[in-house]
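Data block below; observations after.
Chains as they are written, first to last, in my numbering: chain A, 80 to 1215; chain B, -19 to 184.
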């Protein structure tokens, strides 16, 4: 045992110990970031935070479960929470009575949950909440908590933000403090956790280190994990500086240094728990950046022998190409998908169109508050006879002048902007200044042609950072002078000065002056009576001038104007018109509207007719909401051969990443996904433009998913599937684009009760129509009987038949009333009080704050009210979709039960359809007490109705029947053996569980009992796949693991594996639930089993849509669980 | 191999576990081909053919490392035992991680046969899992690291002093896990999985 010097150096202590075989002395202070090595011994290695969050909240640790004296953990927690609440209430009341120092109840309706270490401590925060009328939750609950307070979040939670926060705002403790200081409730938005807030302006972060300044723009929701702009800044600096350096030999050394620098820099960021995406991608970027810079060097001095060596050095990282190819060839290869794994990212990083496209989004964020104000009154103004004054402001050759604004000596030299300055290249000029235009240089021209016309043309690369800065300054000025601004592009906008006392010409010149002073770039302005003429005026005004077209001069101005100048007339239209011998607007205006519409279609014809007369009735300030979001790459797309599957897949997933980022940037989620592919035409030759797309066929496939998403993984899955539909030779692909449409904004609206009510209204209407027959039946049935009884029972006012009656009217009330809330006096205080705070506060908003008064007033006399307001009771409940009526079986109307249930079932389904999150469907416990009111035998239960019921309701009903009755049922609904199962609490089913989002695991423990709960549940389901799985369980002798069941099911024919539309939601919901609970149960002890299950699931997903959905839903949860327990991600490659 | 009947069950579990770890680590080192196959010899363990290092120093390293873990395992202090393969830059290429959970409060008598039954499955799976692993670079090194739940007491035993606190170089990204085998047979739950650097791990 001669091995160890380390053995003699015996210091002990330290949580990790090792003995090295080879005397390794690597000691690096980087910490293992998975948080598994806690400082202190803990019985279970989970952090406390994890134990009380969302999905885990129900059973924080196994050990405590065992020791608990309560029958199950859920009831223990319920009891504990109740006690904590009581304590809190008691303290709150004493502190509020204690007089002077108790504060204003600014936090009324706010209920916070403090996660982890905060400054001030959670106890202090609790104190604030006590003092100022808020609530404090010791345990996280989606229903009770309104805000999560924390200072820092671990990686795993960031990555899966939704699964732990349940979509609630995650706010810094400063919010509480500031609110207390301000003595009013401040908006939490600016206090959103930095880690979350930072990610939002991610798209602009693509371009700039400047993004840190943007990061103040906060959006309420959104998934997470970006940040670390400092590293980005660092990298882009590197890129720039290296481009300027000239000496290649030194460059080589620098590169080496930088590469190592890069890895050094990233280390600390990740070890201190920085979100990981940045570190993941940037080092690759720097690689690419460096290579580009090397390429630039090479092009300037292509004859130097050392250049080859350099390039080899850099390229041989991952380039297998032959070093003997020419230098330029070598570097150019980099720019195709063949060689560059980060092609997509670099592509968008260097794309001007991308900049312009995403700029709008950025603008909306920055200036949305400014531009919102005027939309509403624009129509009124139109009506008034005021003279309109529209100003069109346009920066002069924006992309050039920004770049040379600090270099006045270049002002009179021909300058153009282009991403490459290779004089022989086919890169396209994107913008040229006026001296260059004098040489005939135009945007879109190849560099080589431009150089031919003007050999001393100076070409600059893009400087997106500067563009962004100047555009922001530009718009700041515009918004300062005018409150009606319509942004056309980053350098162009319309202003509406209608009604302004000052002369628009003076205003315009003032704006221009200010623009020049601030940005050192010139702008031109056109002033006229409408947008069209203002724009045309700008044309005349350019460069650096302004031009006013008074109404009487419009015709003069237009008469000689070439038609090409009109917006909306492109090459094709121009050619057609020229064939008719129309060259100017004057000639165009001679043609009658009818003949124009005949030749060019209704819309275009009308447009031409209007425009040729200078008529344009668009109003300034209409900002279109984007209907779809798309990322497309049509340049440099080349895949080597069919076998090179990996490359195209990699390309696709990067594209998805980009799209997902754009979605998140816009704060929307989409449901329809379209994959567009440009395929080389059979006879098309390699395009003139290097790496261009050339002559292509455009193909597309699309699919729609039930739940809108912006999740990268879902996008990747879907796009790969779509890609598969094409059956293409990847060699033929010249461009790929992914478009997402049917956008749903994920922002504020999603949680707003109002929007939910409206959406629910539609679905209810449908449901009501469906249930029409049922309703009518119950109506007529109870009409005679019920009215009588009504008379009798009215006095006692709680008779079930009244509720029955209300139930029916409720359906009608729905149709009429949902859009506007019921009057205040109809609201039941009890219901209101028991509402979760967030819903309450929203309702309160709807009633503009009157609810709180109502509640406080009602405290004293609540007893009287509760009996008198049974009518409104139902209404509110109806609005909340509480389905209060289930199993309120009426002793007088026993045969009604199936019908009634059916009606409720409809409501239930409506909830499902509307997919709202915030329902708290609590079936009253009274249902249980009335078990004996259930029909005595099955003859009274309509079996077909029973079959139609959603599985939960059915299971409930079946369980409510005493065992001897179930014998009858089992012949009907159950076919297998079933033992007595404990009564399921009716109240546990919440609508939140319905939504198949990555939400919480439901409270029912599906993996408990004999036979397992899920088997019982699946058995009675009317969904084939669920039945099949339950059968598998029995076939395997009731001992099988899930993997065994799945293994067996894999041989099933395809049609058995899929669900039809009706049972789709049921199937996905149940399977997701089953899997999540299984993961929870097994993750700590048997990761292998989970792994096998998911490998099998993936195979199912290829065959079955349902399983695909299930897989995509549960997969993030799986990875989060694995991350929590093992500090890594499960290996789930697509290759096998 | 003398098994005293009077030993407590957890002591017995820990002893079997340690023995098993030694065999498993031998197998892993053999599997990875760090040394020429001639450096190993065929042996029999639990009725299975296993490989054991022939070289005394290597064999002794593994043996002494694992056997000094025994007191810690008995106390339930050891959470994970990892066999880590490094490249020349001391950056881990692959980690074999054994995650142990020993139920300290397991009262009834240890069913040794059950345990061996499970462990055999483990060894079989291990011997065929080469395809899951990564090819090692030349000149790689390896070491055994144990992750403790808490700091071992300084004076616990003479053996414990052979263990020194350490830091190893870690990946910057959460690794990718490939489960190899999990077994749960009261009172022992043992899992073996592979950790590979994630694909986004920055290359040095």
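Backbone N, C-alpha and C define an ideal beta-carbon position, used for all residues, glycine too.
As the structure is a prediction and not an experimental result, all values here were calculated from the model.
Shorter than 8 Å from the beta carbon of residue i to some beta carbon of chain B?
i: residue 1201 of chain A; result: yes
i: residue 737 of chain A; result: no
i: residue 1166 of chain A; result: yes
i: residue 1206 of chain A; result: yes
i: residue 1209 of chain A; result: yes
i: residue 1170 of chain A; result: yes
i: residue 1125 of chain A; result: no
My understanding is that residue i touches residue j, with C-beta atoms under 8 Å, so please give their C-beta distance in whole angstroms.
i: residue 472 of chain A; j: residue 557 of chain A; result: 7 Å
i: residue 244 of chain A; j: residue 227 of chain A; result: 6 Å
i: residue 76 of chain B; j: residue 172 of chain B; result: 7 Å
i: residue 606 of chain A; j: residue 639 of chain A; result: Contact flag wrong, Cβ pair sits at about 20 Å.
Using a Cβ cut-off of 8 Å (strictly closer), state whether residue i contacts chain A.
i: residue 173 of chain B; result: yes
i: residue 178 of chain B; result: yes
i: residue 1 of chain B; result: no
i: residue 169 of chain B; result: yes
i: residue 159 of chain B; result: yes
i: residue 155 of chain B; result: yes
i: residue 109 of chain B; result: no
i: residue 7 of chain B; result: no
i: residue 104 of chain B; result: no
i: residue 265 of chain B; result: Residue 265 of chain B lies beyond the range of chain B shown here (-19 to 184); nothing can be said about it.
i: residue 81 of chain B; result: yes
Looking at the structure shown, is residue i part of a helix, part of a strand, or coil, going by DSSP?
i: residue 511 of chain A; result: strand
i: residue 168 of chain B; result: strand
i: residue 69 of chain B; result: coil
i: residue 814 of chain A; result: strand
i: residue 518 of chain A; result: coil
i: residue 105 of chain B; result: helix
i: residue 581 of chain A; result: coil
i: residue 42 of chain B; result: helix
i: residue -4 of chain B; result: helix
i: residue 920 of chain A; result: helix
i: residue 59 of chain B; result: strand
i: residue 655 of chain A; result: helix
i: residue 159 of chain B; result: strand
i: residue 1101 of chain A; result: coil
i: residue 483 of chain A; result: coil
i: residue 496 of chain A; result: strand
i: residue 555 of chain A; result: helix
i: residue 74 of chain B; result: strand
i: residue 506 of chain A; result: coil
i: residue 272 of chain A; result: coil
i: residue 804 of chain A; result: helix
i: residue 595 of chain A; result: helix
Under the DSSP definition of a beta bridge, which residues are partnered with residue i?
i: residue 663 of chain A; result: A:641
i: residue 471 of chain A; result: A:573, A:605
i: residue 650 of chain A; result: None, per the DSSP bridge assignment.
i: residue 204 of chain B; result: Coverage of chain B is limited to positions -19 through 184, which leaves residue 204 of chain B absent and any answer about it impossible.
Those runs of the beta strand (DSSP E) which lie wholly inside the segment 734 to 785 of chain A and span at least 3 residues: 747 to 759
Starting from the N-terminal side, write out each stretch of the alpha helix (DSSP H) that is 4 residues or longer and does not extend beyond the segment 1116 to 1194 of chain A. 1121 to 1128, 1133 to 1136, 1140 to 1161, 1166 to 1182
Along the chain, which unbroken stretches of the alpha helix (DSSP H) at least 4 residues long are found entirely within the segment 152 to 215 of chain A? 152 to 176, 201 to 210
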